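For the sequence shown, counting from 1, position 240 maps to 244 in our numbering; every step adds exactly one.
Report on the structure given below.
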Amino acid sequence: MGIIQRQGIINSIISYLGILLGALNTIVFLPAFLTEEEIGLTRVLFSFSALIATFVPLGVNSILLKYFPIFRNKEKRHYGIFGFAVALTLVGFAIASISLLTFKSFITSQYNEQSPLLNEYFNYIFPLTFFLAFSNVFFTYSSSLFKTNVPAFLNDVFTRVLSIALLAVYFMKWITLSQFVLLYVGVFAVIALSHLAYILKIDRPSLKLDFKFFTKQNPREIVMYGLLLSFTSLSSLGLKYIDIVMLGKYLPLNLVGIYAVVVFIPTVIEAPLGALDKIGVASISEAWKRNDMAEVRKIYFRSARYLLLAGGFLFLCVNLNTHALFQLFPGKDYSLGESVVLIISIGTVINMATGINDSIIYTSDKYIYGAYMLMCLFVIAIVNNLIFIPLWGMNGAAFATAFSATIFNVMKYIFLWKKYQLQPFDKKTLLTLLSIVLCFAIVYFIPQFGHPIFQIIFRGIVISFLFLSMVKIFNIVPELELELKQFLAKKLSR
């Protein structure tokens, strides 16, 4: 087994372990150990810092991924590209810090009325941004050295283990809220320093850039490439955090805390998209290389069908069990977020229904249009949040997110249709949507009784039976049934 395959398997295990810990942390430990207001405080601090941290490196992550092969030379200590990455990140942090200090009064005034506690801890944004930014840079540098397992473990597993331990310490009342927030920032300091320690162990990085070599590599092109991609990264990652950051302006922190917990639940629905994206991107890239439009069309079409099926099934399992799930948290107000889960889930299913369109666009010769659309989406998301949060509160933030994602997918759909005559829908798409609606309507009116866990299991069984029956009756995936029959026949004939 090759190095890449072996690391890929280990990374997958680490990734799924991280997802499990993340789910436990967000859905179980946060509601159990913190009040809604305390959750809101930590989520806004983290989201605000993470948003700024995506811009701070000034595109260093993208530069390392694209240009590190040119600088790769262990004897020459990679011509000091590590020093260049650190220096550019420090410049970005200085710019971000000066900007934050300049507009601090304006920013804090936005939170005075609804979230005054945030202003008390506003200065923690500076160190948290610093450590998040450098963690990302160090992770990317390690990846450029083809060393990803330990950095992935630090990001996906160790961070969450430390966070859960800190929550337990605070819950036991061994520390105050101020100490908790300080140690919360300290968790990310430990992660950043651990990344750095690992780099020093596996490599001999130099802080001194070899300017003679660097000037031969068209430095203007390198820097401009990084700056362009930094705005793309800000747009992409910003969409994950902008709703929580803006909610703190209009709603009390306890409601922000509720939103931060419940908005995590629909991410379960999107899990198959991430998995299929990773599998399909290599095949799409090869198809583009051969100019095999038939293969691209086939992948696009099948990905949309399978993802809508998987997303629809998970949509039903999540939203028809949300009420029972929130009953597991007596004395908490998470039931206020039921409609948030539904709205975000609808946006997620729409996203999945359009297949792996991101991979198709970003591996094509017109990938730059994907970056432009992403930046447009970020602006649209901000505008939508400004409009709908004051109108509908948490539901407004959820609607803004779902509506923005829908607009983005419509843009990508039109782009692929106009440029390549690609579109992923047929009558089976309508039959799949009909199956989802019918199944939802039937199960929704089944009376709820017994313990919440029993309700979840019972409804899950009913949903599975009904949905799979409809898929069979409507003959939605005949090719999958044929492949399954051939596989079983082959196994039974042995």
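For every residue, glycine included, the Cβ atom is placed at its ideal position computed from N, Cα and C.
Since the structure is predicted, the reported quantities are computational estimates derived from the model, not experimental observations.
Residue closest to residue i, alpha-carbon to alpha-carbon, out of the options
i	options	result
residue 401	412, 413 and 387	387
residue 3	169, 98 and 250	The requested residue 3 is not part of the displayed model; the chain covers only 5 to 498.
residue 340	397, 359 and 375	397
residue 192	394, 425, 54 and 338	54
residue 378	110, 237, 229 and 124	237
residue 462	431, 271, 177 and 321	321
residue 409	274, 331 and 483	274
residue 41	433, 120, 204 and 233	120
residue 361	68, 289, 329 and 241	289
residue 2	74, 31, 247 and 77	The structure shown has nothing for residue 2, since the chain only spans 5 to 498.
residue 57	425, 21 and 97	97
residue 95	295, 137 and 368	137
residue 214	160, 79 and 174	79
residue 333	37, 23 and 173	37
residue 347	384, 421, 268 and 310	268
residue 190	180, 166 and 75	166
residue 231	199, 437 and 68	68
residue 207	291, 183, 150 and 179	150
residue 216	82, 385 and 287	82
residue 457	448, 326 and 373	326
residue 198	228, 154, 178 and 174	154
residue 252	39, 34 and 52	52
residue 29	161, 380 and 147	161
residue 291	368, 218, 351 and 281	368
For residue i, the three-state DSSP class (helix, strand or coil)
i	result
residue 572	This structure gives no information on residue 572, because the portion of the chain shown stretches from 5 to 498.
residue 455	coil
residue 397	coil
residue 217	helix
residue 138	helix
residue 148	helix
residue 125	coil
residue 212	coil
residue 175	helix
residue 480	coil
residue 293	helix
residue 368	coil
residue 465	helix
residue 162	helix
residue 426	coil
Cβ pair residue i, residue j closer than 8 angstroms
i	j	result
residue 264	residue 312	no
residue 61	residue 93	yes
residue 371	residue 226	no
residue 256	residue 118	yes
residue 435	residue 478	yes
residue 64	residue 89	yes
residue 212	residue 84	yes
residue 107	residue 242	no
residue 260	residue 338	no
residue 419	residue 365	yes
residue 424	residue 250	no
residue 363	residue 285	yes
residue 203	residue 142	yes
residue 467	residue 277	no
residue 157	residue 18	yes
residue 196	residue 234	no
residue 353	residue 403	no
residue 472	residue 446	no
Outcome for residue i when other beta-carbon atoms lying within 10 angstroms are tallied against a minimum of 16
i	result
residue 455	exposed
residue 307	buried
residue 406	buried
residue 109	exposed
residue 416	buried
residue 125	buried
residue 5	Below a pLDDT of 50, predicted positions are generally treated as unreliable, and residue 5, at 45, falls in that range; the measurement from the model is reported next regardless. Classification for residue 5: exposed.
residue 315	buried
residue 103	exposed
residue 328	buried
residue 430	exposed
residue 245	buried
residue 239	buried
residue 221	exposed
residue 317	buried
residue 414	exposed
residue 127	exposed
residue 440	buried
residue 428	buried
Inset, instruction - Could you pull out every unbroken alpha helix (DSSP H) segment of at least 4 residues lying fully inside the region 296-363, listed in chain order? - result: 297-323, 326-330 and 342-357
Legend entry - Ranges of the alpha helix (DSSP H) found wholly within the region 177-208, counting only runs of at least 4: 181-206
Legend entry - Completely contained alpha helix (DSSP H) runs for the region 234-276, where each covers 4 or more residues: 257-266
Inset, instruction - Please go through the region 35-122 and give each complete alpha helix (DSSP H) segment of 4 or more residues, from N-terminal end onward. - result: 40-57, 64-75, 85-106 and 108-115
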